[in-house]
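So the structure is just underneath, and the comments pick up after that.
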Amino acid sequence: MQITHLGHACLLVDVAGSRLLLDPGAFSTYADLTDLDAVLITHQHPDHVEVDKLSALLERNPAAVVHADPETTKILAEKEIPATATVVDESFHIGDVVIIPAGDKHAVINEYLPRIDNVGLLITAQDEPSLFHPGDALDAHPAGDVDVLAVPINAPWCAAKETVAFVRRIEPRVVVPIHDALLSDIGRTFYITQVGSFGREGGIEVKDLKGAGATNF
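Counting from 1 along the sequence shown, just add 716 to a position and that's the residue number in the numbering used here.
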């Protein structure tokens with residue numbers, strides 16, 4: 717498995733002969749990508765999907781299919797973008813890759829904003845490490861072991877204590893920081909250090925992909 721962090725919550729994942737793009741949002745850089753097999757979207761917020769730019773991305777990637785949470789699927793249909801709804805525990809295939817959706821609602825931002833759909837994605841393939849991207853929620857229970865956990869390190873809806881508890885519950889082998897566009901360099905280092913120091917008894921490996929390019933796992 718090869719993972720490239722394209723900014724904020726967006727990951728490019730090359731695994732088992734397939735090329736997957738996760739959460740291509742407004743804070744990410746992905747416009748020139750080609751040879752995609754699928755675009756996977758956890759929820760409708762613009763930092764996770766730029767609906768107006770998705771059509772252009774798909775024109776450059778005519779073989780790519782789109783899978784998204786049910787509400788986002790309806791939004792895309794209004795823009796005449798075909799997408800298949802992801803439903804918790806209903807797995808689907810992209811080539812030899814098996815993707816298992818987990819979780820169904822976005823974390824609470826505040827009591828005045830209604831909760832929306834949010835479906836995390838567990839990406840697995842034979843003889844490859846597994847990757848879980850939770851989107852914007854920390855309560856999902858992936859149906860399988862997680863080797864690589866993409867961890868939102870900062871958001872209006874979470875605190876560092878909740879992030880650490882999430883990592884401890886999932887028990888991954890390695891953590892990849894995501895959802896970081898609102899942070900200064902100093903703040904980003906603080907959050908990553910918190911996860912690395914307390915995400916497991918004795919600490920956990922954090923592989924920071926910011927600016928690293930394609931990284932093998």
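All residues carry an ideal CB built from backbone N, CA and C; glycine is no exception. It should be emphasised that the depicted structure is a prediction, and the values quoted were computed from it without experimental measurement.
In this model, Asp812 and His764 are separated by some 25 Å (Cα to Cα). Taken atom to atom, the span from the alpha-carbon of His895 to that of Ile791 is near 23 Å. For Phe914, the enclosing alpha helix (DSSP H) covers residues 901-914. Sixteen is the threshold: since fewer than 16 other Cβ atoms of the shown chains lie within 10 Å of the Cβ of Asn932, the residue is exposed.
With respect to the C-alpha of Ala779, the residue from Ala799, Gln760, Glu787 having the closest C-alpha is Ala799.
Just so you know, the alpha carbons of His822 and Val803 end up roughly 14 Å apart.
Secondary structure at Asp768: helix, using DSSP grouped into helix, strand and coil. Beta-bridge partners assigned by DSSP to Arg735: Asp730. Ranking Val731, Gln760, His724 by CA distance to the CA of Tyr746 puts His724 first.
For the 7 Å CB-CB criterion, Thr758 and Gly851 form a contact.
The beta carbon of Arg916 sits closer than 8 Å to the beta carbons of Val883, Arg884, Glu887 from its chain, once the five residues preceding and following it are set aside; these are given in chain order. With distances taken between CA atoms, Glu878 lies nearest to Leu854 out of Val891, Gly919, Leu854, Pro786.
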